[in-house]
């Protein structure tokens, strides 16, 4: 046999969970024909000695719905061996969208996924109304990777209800519009249907995104459409039931019943957190219980701590305080001058300290309390890095003052990093090893000034 390409001497990781092994890979007409010892000629030979050879990775949790319009290469996912991304997660998609209502779609995405409304207005050619038309639009784009998409509940609600989607439950007529569009979307190739019920997903005005106004009966009825079709996956940004065992049990029963009654796979993110280290364990039980009941359910698991980056060039955790907010609206050079003024700096430090230190908040896709033992100064690419408390103690400063000082020393280009979840890597490994978990959840395309997790697969 004559091969188009032979990749020789590489270490193959085939994605099945089997141990890595050394092998050649022979390719003909874009298809892998041989994995093992390749005998025959080749038009091109690639020596992969010392390298890993693997299938392209699939990132099942992204928000690249808008980014694909101006960056069809899929940066930065493509840099990490990702060849397919799934967008439309957490109830957020760009379609369906009536021409008069695109501002509703922007409103759903702008704060919840930290995608600038101005960027969406300037970078997207709104050539569609229905979700099948959106899929056709993406298909026509030149692309460096493959794109697959869910239809999002918030977009579906605003398509059917307009402004009422942000204030009301759906009527019977609204439900018929949503069910028809969902069915048409699944038939056209949508991956499935997604929703969000998490409190952190808000509009720029601080109101709930449209999907959060839906009753659970509405969710069940829509997932039931996929059940009737025998196609589609349901993804949910989960309700926040915390540590209350009764609330947690009731929510888990609803998820399990939904998976069993509709026959559709259900998926959601599973994380560990330092504040509640045991909270993920009942979710592992839920996966097993659902399988035993005949349903399909999969957890999406990150491969490391999920962290946010903070800087004066992007966001700082104190930007909501009035004196900080006023300063942060100025140019970076003007901010630097204000920070070098001793009186102004003292005001900023005092404001960030606040009346109650527990009210200090961290920047991020969700609001977190500041923990200066867990916020780190990125003074070099590879760690270990000093915590802000360590930095402050060494300099004899308040933690906020220490962050300002190192920013000034670095021409306002200093970065700080705060882990939000998955701080315990032993927990992460245990979650990853569960047979019904998948390694994904980069959130690529969202929170681009704060999160860069498209490398989560290569991190493994």
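Residue numbers (the numbering used here): 430 to 889.
C-beta atoms are modelled at their ideal positions from N, C-alpha and C, and glycine is treated no differently.
Since we're looking at a predicted model, the values are computed, not measured.
Could you say which of the options lies nearest to residue i if we only look at CA atoms?
i, options, result
"residue 864", "820, 727, 712 and 758", "727"
"residue 553", "523, 827, 659 and 454", "523"
"residue 598", "620, 623 and 641", "641"
"residue 817", "810, 850 and 829", "829"
"residue 802", "600, 667, 845 and 445", "845"
"residue 510", "498, 486 and 434", "486"
"residue 531", "668, 508, 557 and 674", "557"
"residue 937", "745, 519, 827 and 833", "Nothing in the structure corresponds to residue 937, since the chain is present only between 430 and 889."
"residue 624", "730, 609 and 650", "650"
"residue 857", "466, 780, 604 and 713", "713"
"residue 630", "520, 888, 757 and 441", "520"
"residue 496", "430, 574, 463 and 559", "574"
"residue 848", "704, 827 and 777", "704"
"residue 687", "702, 763, 825 and 722", "722"
"residue 836", "807, 754 and 505", "807"
"residue 884", "699, 800 and 503", "503"
"residue 862", "437, 445 and 441", "445"
"residue 671", "710, 842 and 875", "710"
"residue 528", "507, 716 and 589", "589"
"residue 892", "612, 447 and 659", "Any property of residue 892 remains undetermined from this structure, which presents the chain solely from 430 to 889."
"residue 841", "819, 764 and 879", "764"
"residue 839", "888, 617, 762 and 600", "762"
"residue 708", "684, 678 and 477", "678"
"residue 584", "730, 568, 537 and 731", "537"
"residue 483", "505, 493, 749 and 437", "437"
"residue 518", "582, 477 and 498", "582"
"residue 689", "680, 719 and 860", "719"
DSSP three-state label for residue i, please.
i, result
"residue 792", "Summary for residue 792: the model assigns pLDDT 39, below 50, so the residue's position carries little reliability; its value from the coordinates is reported in the next sentence. DSSP places residue 792 in coil when its eight states are reduced to three."
"residue 581", "strand"
"residue 737", "strand"
"residue 444", "coil"
"residue 587", "helix"
"residue 866", "strand"
"residue 656", "helix"
"residue 491", "strand"
"residue 758", "coil"
"residue 615", "helix"
"residue 725", "coil"
"residue 747", "coil"
"residue 468", "coil"
"residue 730", "strand"
"residue 650", "helix"
"residue 479", "coil"
"residue 546", "helix"
"residue 889", "coil"
"residue 539", "helix"
"residue 765", "helix"
"residue 890", "The structure shown does not extend to residue 890, since the chain is modelled only from 430 through 889, so no value can be given for it."
"residue 592", "helix"
"residue 772", "helix"
"residue 881", "coil"
"residue 861", "helix"
"residue 601", "helix"
"residue 568", "helix"
Report the partner residues of residue i according to the DSSP bridge assignment.
i, result
"residue 624", "665"
"residue 575", "513"
"residue 609", "Partner(s): none; residue 609 has no beta bridge."
"residue 486", "511"
"residue 563", "Answer is none; residue 563 lacks a bridge partner."
"residue 631", "637"
"residue 456", "434 and 461"
"residue 451", "440"
"residue 873", "491"
"residue 473", "434"
So, does the CB of residue i fall closer than 8 Å to a CB anywhere in chain B?
i, result
"residue 667", "You won't find chain B in this structure, because it holds only one protein chain."
Quick one: measure Cβ to Cβ for residue i and residue j, integer angstroms, because I've assumed they're closer than 8 Å.
i, j, result
"residue 637", "residue 540", "Rounded, the Cβ-Cβ distance is 11 Å, inconsistent with contact."
"residue 580", "residue 560", "5 Å"
"residue 432", "residue 469", "6 Å"
"residue 696", "residue 668", "Going by Cβ atoms, the distance from residue 696 to residue 668 rounds to 15 Å, so no, they are not a contact pair."
"residue 534", "residue 587", "7 Å"
"residue 507", "residue 873", "Residue 507 to residue 873, Cβ: 10 Å. No contact."
"residue 692", "residue 661", "Between residue 661 and residue 692 the Cβ distance is about 10 Å, and since that is not below 8 Å, they are no contact."
"residue 648", "residue 699", "Wrong, their Cβ atoms sit about 20 Å apart, outside the cutoff."
Could I get the ranges of all uninterrupted alpha helix (DSSP H) runs contained in the stretch 785-859, with 4 residues as the minimum, in chain order? The qualifying runs are 817-824 and 828-838.
Length-filtered (3 minimum) beta strand (DSSP E) runs lying within the stretch 499-536: 511-516
Contained beta strand (DSSP E) runs [length at least 3] in the stretch 666-718, N- to C-terminal order: Complete beta strand (DSSP E) runs here, min 3: 695-699.
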